[in-house]
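According to this note's numbering, the stretch in the sequence shown is residues 11 to 329, in order. The beta carbon of each residue, even a glycine, is placed where N, CA and C say it ideally should be. Only one structure is covered here, and it is reproduced in the block below.
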Amino acid sequence: MNSNGDKLVHATGADNQIRCMAAVTTGLVSEACRRHRTFPTASVALGRTLTGGLLLGRGVKDLEKITVHFDCDGPIGNIIAQADATGNVRGYVTNPAADTTQENSMGKFDVRKIVGTGTMYVIRDAGFEIGLMKEPYRGSVPIVSGEISEDFAYYLSRSEQVNSAVSIGVHMTVEGNGTELHSGENPEFELERLRVTAAGGYIVQIMPSASEEIISYLERRIPSAPHSTEMVREGMAPLEMLECALGGVGLTLLEEIEPRFHCQCSKERALLIISALGHREIEDMLKKDNGAELTCHFCNETYNVTADELQRLLAEANG
Numbered sequence: 011m012n013s014n015g016d017k018l019v020h021a022t023g024a025d026n027q028i029r030c031m032a033a034v035t036t037g038l039v040s041e042a043c044r045r046h047r048t049f050p051t052a053s054v055a056l057g058r059t060l061t062g063g064l065l066l067g068r069g070v071k072d073l074e075k076i077t078v079h080f081d082c083d084g085p086i087g088n089i090i091a092q093a094d095a096t097g098n099v100r101g102y103v104t105n106p107a108a109d110t111t112q113e114n115s116m117g118k119f120d121v122r123k124i125v126g127t128g129t130m131y132v133i134r135d136a137g138f139e140i141g142l143m144k145e146p147y148r149g150s151v152p153i154v155s156g157e158i159s160e161d162f163a164y165y166l167s168r169s170e171q172v173n174s175a176v177s178i179g180v181h182m183t184v185e186g187n188g189t190e191l192h193s194g195e196n197p198e199f200e201l202e203r204l205r206v207t208a209a210g211g212y213i214v215q216i217m218p219s220a221s222e223e224i225i226s227y228l229e230r231r232i233p234s235a236p237h238s239t240e241m242v243r244e245g246m247a248p249l250e251m252l253e254c255a256l257g258g259v260g261l262t263l264l265e266e267i268e269p270r271f272h273c274q275c276s277k278e279r280a281l282l283i284i285s286a287l288g289h290r291e292i293e294d295m296l297k298k299d300n301g302a303e304l305t306c307h308f309c310n311e312t313y314n315v316t317a318d319e320l321q322r323l324l325a326e327a328n329g
């Protein structure tokens with residue numbers, strides 16, 4: 011699931027008065043949308059959330075994971091992205107067919123229309139994979155926009171008390187005719203012909219040490235910068251995106267990594283899940299289906315478990 015060309019950077023600027031994360035995520039968003047067969051507007055919502063979760067993931071420690079969950083009352087249902095400190099991210103939407111022919115006031119995909127209102131949750135947990143049952147941190151805020159970027163900014167300002175500028179976007183086309191895909195056009199398309207041609211974004215956070223001068227400068231500078239999607243379409247790397255958005259604030263690159271869409275599911279984990287169901291459930295699977303089939307929500311991978319494998323699980327349980 012490697013995503014050629016995808017990059018994620020962590021930087022500081024203005025003598026550590028600002029903290030910045032930026033990423034190009036075209037490849038990993040393409041992979042996620044391909045796996046989940048998402049319709050255009052759902053693709054944009056998923057891609058924005060994956061990118062935002064990935065950017066937030068730069069703030070977690072090595073054994074931690076961050077989960078971003080939009081619990082929506084709109085037709086998309088839920089949007090979930092989970093990222094770790096090494097640049098791995100995975101996610102899904104409840105209804106991949108959520109779509110709208112309406113466009114917003116900017117002439118873009120009206121993601122708000124399929125998201126609606128609800129609650130944005132952010133969960134940070136540590137060490138679960140190695141048995142450390144540390145109590146996770148949970149934060150939540152109302153969904154104030156439904157356009158994803160603004161909701162990330164609202165979460166950071168209200169729940170983590172960090173004033174932040176957030177720009178996240180996804181651009182799509184229809185393969186074969188070079189048509190740029192807009193929400194209001196209602197084009198005839200096949201899912202196999204949809205292409206994510208640009209995805210990425212950045213988060214700029216103002217540190218408590220920031221002077222009024224730098225705050226005032228950023229308030230003037232960032233709103234006039236090109237949108238992150240435009241920068242990615244122009245071929246800018248993440249650090250170039252930050253330089254374009256922030257101007258001469260003296261950026262210092264701390265780290266650059268290659269993010270990817272990556273899921274921890276496996277056939278072994280599928281067998282562990284079935285084993286935990288107990289004798290009665292396993293015997294019922296054998297009797298009714300002569301096997302089992304499990305599909306991972308996060309990556310849509312399907313694992314087929316044979317009757318022999320179920321028999322082996324029963325034998326191991328009987329010891």
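Boundaries of the beta strand (DSSP E) around Ala302: 301 to 305.
Around the C-beta of Glu222, fewer than 16 other C-beta atoms lie within 10 Å, and the residue is accordingly described as exposed. Counting other Cβ atoms within 10 Å of its Cβ, His181 reaches 16 or more and is therefore classed as buried. Leaving aside the five residues that flank Val154 on each side, the residues in its chain whose CB is nearer than 8 angstroms to its CB run, in chain order, Glu160, Asp161, Tyr164. Buried is the label assigned to Leu65, since at least 16 other Cβ atoms lie within 10 Å of its Cβ. The C-alpha of Ser285 is placed about 8 angstroms away from the C-alpha of Ala327.
The beta carbon of Ala302 lies closer than 7 angstroms to those of Ile284, Met295, Val315, Leu320 in the same chain, with the five residues before and after it left out. According to DSSP, residue pairing for Glu265 in a beta bridge involves His20.
Runs of beta strand (DSSP E) with 3 or more residues, each lying fully within the region 224 to 250, are absent. Under the three-state reduction of DSSP, Leu287 is assigned to coil, being neither helix nor strand.
Pro218 sits exposed, since fewer than 16 C-beta atoms from the chains shown fall within 10 Å of its C-beta.
Per the Cβ contact rule, the region 205 to 218 is in contact with the region 44 to 61 (3 or more Cβ pairs under 8 angstroms).
With contacts defined as CB atoms closer than 9 angstroms, Ala33 and Glu74 fail to qualify as a contacting pair.
Inter-residue distance for Met241 and Leu324 is about 56 angstroms (C-alpha atoms, whole angstroms). Annotation: Ile216 is outside any alpha helix (DSSP H); the continuous beta strand (DSSP E) that includes it extends over 204 to 216. The count of Cβ pairs closer than 8 angstroms, one atom from the region 125 to 132 and one from the region 78 to 90, reaches three, so the stretches are in contact. Between the C-alpha atoms of Val172 and Ile28 there is a straight-line separation of about 11 angstroms. In the structure shown, Val70 adopts coil according to DSSP, grouped into three states. Val39 and Leu60 do touch by the CB rule: their CB atoms are close to 6 angstroms apart, below 8 angstroms.
Residue burial annotation: Glu185 is exposed, with fewer than 16 other C-beta atoms found within 10 angstroms of its C-beta. Contact check for Met31 against Arg68 passes: the beta carbons are separated by less than 9 angstroms.
The Cβ atoms of Thr239 and Gly179 lie closer than 9 angstroms to each other. Check the Cα spacing between Ile267 and each of Gly97, Ile89, Asp25: the tightest is with Gly97.
In this structure, the alpha-carbon of Gly37 lies about 40 angstroms from that of Gly288. For Phe308, the CB contacts under 6 angstroms within the same chain, skipping 5 residues up- and downstream, are Arg100, Tyr102, Cys273 in chain order. Gly245 counts as exposed, since fewer than 16 other C-beta atoms from the protein chains shown sit within 10 angstroms of its C-beta. Looking at the DSSP output, Tyr102 bridges to Ile90. Sequence-distant partners of Ile158 (beyond 5 residues in either direction) whose C-beta falls short of 7 angstroms from its own C-beta, in its chain, are Ala55, Arg58, Thr59, Gly62, Val121, Ile178. Taking C-beta atoms as the reference points, Ile224 and Ala24 count as a pair closer than 9 angstroms. With respect to the C-alpha of Phe271, the residue from Lys118, Leu166, Glu311 having the closest C-alpha is Glu311. At the C-beta level, Ser150 and Ser167 stay beyond 9 angstroms of one another.
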